[in-house]
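In our numbering, the protein residues as written are 143 to 905.
Even for Gly, the Cβ is constructed at its ideal location relative to N, Cα and C.
Working notes for the structure below.
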Amino acid sequence: MSDDARHDGTGDETDHDGTDGGTDEEVPARPRRTGWRRLVPTWRMVVGSVLLFLLLVVGGLTAGYLLVGIPPANSAAKAQSNVYLYSDGTELARDGDVNRENVPLGQVPKAVQRAVLAAEDRDFYTESAVDPAAMLRAAWNTVTGKGKQSGSTITQQYVKNYYLGQEQTVTRKAKEFFIAIKLDREASKDDILEGYLNTSYYGRNAYGIQAAARAYYGKDVGSLTTAEGAYLAALLNAPSAYDVTAHPENRPRVLARWNYVLDGMVKQKWLSAGERAGQAFPALTRARTSAGLSGQRGYLVEAVRDYLTDHDVLDDNTLRAGGYRITTTIDHKRQNAFVKAVRTQLMEQLSEDRAVDGYVRAGGASIDPATGKVVALYGGVDYAKQYVNSATRRDYQVGSTFKPLVFASAVQNGSVTQDGSAITPNTVYDGTSKRMTINHGRPTGFAPGNEDDRSYGPISVTEATDKSVNAVYAQMGIDVGPDTVRKTAVALGIPARTPSLATSQGAISLGTATPSVLDMTQVYATLAHHGRQLPYTLVDHVTKGGEDVDLPEREESTAVERAAADTTTQILRSVVDGGTGTAAQGAGRPAAGKTGTAEDDKAAWFAGYTPDLATVVAVLGQHPQTAVQEPLYGAAGRDRLNGGDFPAQIWADYTAAALTGHPVHDFDLQLQQGAEAGESPSPSADDSASASASTSPSTGPSDSTGPTGTGAPTGTGAPTGPTGEPTLPPIPTEAPTTAAPTEEFPTVGPPDVDAYARRWGDG
């Protein structure tokens, strides 16, 4: 028999032979717990509770990990501004509300990366995406009044910035936790750090390390020093409060945080003690408001955006998404010179006492003929006040600045007068005001008046260009052929879709079409470039995330032969030397140009060039609220505005400034045969009319309008003018009567002949 310690002093009853006695042992009941012992859980309860808690935690974590996916980026994180730069790399503007420009991690100096790690998460590359201990510690410190702390790793902060939001809720924090864990498994540490640097807020409306570098130091992130990087890293703790420019009273706190960052870099062996000792707190640039789009910036950004979308570099939606770094062709100094020229030569001459002066606006563009680069663009008084871009709008008639295109077309196509004589600068036409134009001996119904209804009688093409004689160019346009003129205009750079270009017919020669200032600058740049057209560009370089964006190829082509372009230049030089454009001599350079005035004095133009620079200036009448065209009679105290006054003066002032420091070059011209001065005899008044506008059908040219054609279309089904605008009825002339029907060359002028004459008056 033996005792068993597991029993409470009672043995088993057994038979003497060792077998059971046939009855089970009765286990006594456990004593009841009384008093305070009832409040203490048993070990079984503790173990069970712990196991249940762990089971719930593991289950919750598992469920959270499985159910919470990585969401798409929030809209604020994706939104970026496009950065526009002048040709020298200085910032022109940003076109977004969010001041952010993402950069690849490789563009951020290693010292700057490590400064951020020293400030925010020194164990980032070796530890998990979340740090529960740090989270608990931060919560405890916050509760105990030791300062509000996030306890978040860089991964968690990136998740908050990029995928979630800034709200302080348990739900957001839980999502942040699970997304961070999942992101840490699916993305590299470098990718996460890059995202964090590009989404963090640094104050001064700067989102991302690149925007911060520009805002605080006026430089790109790649140029930051260790000390500067440490300051930007310090800002992450309290961006607004740590801007010592805005809050100089916080300088001690800022210096303490800055030193903490540098000391952390030493502790992590990212910075030597010697280097640390040599660090000085870096000076900051003055805080500035967002560049915005006021002044000229908005016009430039708009023009560049249009260029990118029109040339299929980027579609509008892609460009709106932002993040592009766009280096324009705009020369900062020349742009400023253009603004100054408009201000001093025009705007300062206006008075608030004259209501019409409130309508005065200006537009301008300048192109380097050798490269096709737009080096300056003047869009208006202020983008914030006048939204419509005066340099790119296509609704003002260009007037007589179109006339050189007619002459260039005549030379290019070997066109002849009605009696078969080649058209040269010395060709003599009848300059009688309101003289009916003739085609194949028949009146066309097109008889424009000259300025002030002045008649000139026999006059050479050169002199007619000097004085901008409408009667001469109206006939020349018929001699060349309206369709041929149109084709030449398109070849020189006027867009084929330009309003009124295809429907003007006879009136095309006098500038009824409405290309933009920039379009006309392209044309005159082509003439300056000896007839070789290099399509203009407003963009030098585009990148996104460090990657280049392909730009369209700009192939140079021959718009007109050199003789046609250079001979046109010769007669335009005469305009500046002694014609309506003498104010352009103020540039102090060899110059060629043409003045122009639109219908009802709604626009005055000067288009001209030196061998090195082509520039067009237009003074426009525009209602400040509705942007409707308005006449400028009486503006600046003058009866009317001509292309030879304000536009030419602005052109001269700008050109002189833009070419300061550049050598003076003269024109190198190769003229058409018979273009030299004095080569053609000066006809008498009696025979000039027959020499230029013969009414004999037998001596008229063929009606071909091909490359070598000389005549105008002979049919009567020519297109009419713009819908709703009256056409000028045939005006009786002294031309021989004929049974043949009168050819119609519809115009867009009013039926009143005197009003029509005023319309085509030129400065």
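DSSP state of residue i mapped onto helix, strand, coil
i      : result
Leu811 : coil
Thr869 : Confidence at Thr869 is low in this model, with a pLDDT of 32, below 50, so its placement is unreliable and the value that follows should be read with caution. Note: Thr869 maps to coil in three-state DSSP.
Pro878 : Its pLDDT being 33, under 50, Pro878 is placed unreliably in this model, and the coordinates cannot settle the point.
Ile468 : strand
Lys411 : coil
Tyr207 : Annotation note: pLDDT 48 at Tyr207 (below 50); position unreliable, no value reported.
Lys545 : helix
Pro839 : Note on Pro839: pLDDT 30, under 50, position unreliable in the model; no value is reported.
Lys515 : strand
Gln675 : strand
Pro657 : coil
His683 : strand
Thr368 : helix
Asp719 : helix
Pro624 : helix
Glu490 : helix
Arg428 : coil
Thr607 : helix
Glu249 : It is Gln, not Glu, that sits at residue 249 in the sequence shown. Residue state, collapsed to three classes: helix.
Glu772 : coil
Tyr300 : helix
Arg346 : coil
Tyr267 : coil
Arg110 : Outside the shown range of the chain, which is 143 to 905, sits residue 110, and nothing can be said about it.
Arg535 : coil
Gly151 : For Gly151, the predicted model reports a pLDDT of 43, less than 50, meaning its position is unreliable; a value from the coordinates is still stated below. In this structure, Gly151 counts as coil in the three-state DSSP scheme.
Arg782 : coil
Arg639 : coil
Arg399 : helix
Arg496 : coil
Arg476 : helix
Arg731 : coil
Anticipated Cβ contact below 8 Å, residue i with residue j, distance rounded
i      : j      : result
Ala348 : Ala357 : 4 Å
Val254 : Gly437 : Rounded, the Cβ-Cβ distance is 33 Å, inconsistent with contact.
Val192 : Ala375 : Actually they do not touch by this definition, with Cβ atoms about 42 Å apart.
Val659 : Val761 : Their Cβ separation, rounded to whole angstroms, is 11 Å, which puts Val659 and Val761 out of contact at 8 Å.
Local Cβ density within 10 Å of residue i, reported as buried at 16 or more and exposed below that
i      : result
Ser365 : exposed
Met187 : exposed
Pro246 : exposed
Asp230 : exposed
Arg439 : buried
Ser493 : exposed
His671 : buried
Pro805 : exposed
Tyr796 : buried
Ser414 : exposed
Ser699 : exposed
Gly720 : exposed
Glu233 : exposed
Beta bridge counterpart(s) of residue i as assigned by DSSP
i      : result
Trp747 : Gly738 and Ala760
Leu378 : For Leu378, which the question treats as bridged, DSSP gives no partner whatsoever.
Pro394 : Answer is none; Pro394 lacks a bridge partner.
Asp594 : Its beta-bridge partners do not exist; DSSP assigns none.
Asp332 : Partner(s): none; Asp332 has no beta bridge.
Ile601 : Tyr571
Ile580 : Pro585
Val558 : Ala564
Ser699 : Gln675
Glu689 : Lys686
Tyr520 : Gly506
Span of the beta strand (DSSP E) around residue i
i      : result
Ser508 : Val502 to Asp510
Val225 : Val225 to Leu227
The alpha helix (DSSP H) enclosing residue i, as first and last residue numbers
i      : result
Arg236 : Counting along the chain, Arg236 falls outside any alpha helix (DSSP H), though it belongs to the beta strand (DSSP E) covering Glu233 to Arg236.
Pro789 : Phe788 to Ala800
Asp452 : Arg439 to Asp452
Ile351 : Ile351 to Tyr359
Lys252 : Lys252 to Glu262
Heavy atom of the ligand FMN within 6 Å of residue i beta-carbon
i      : result
Val225 : This structure does not include the ligand FMN; it has no bound ligands of any sort.
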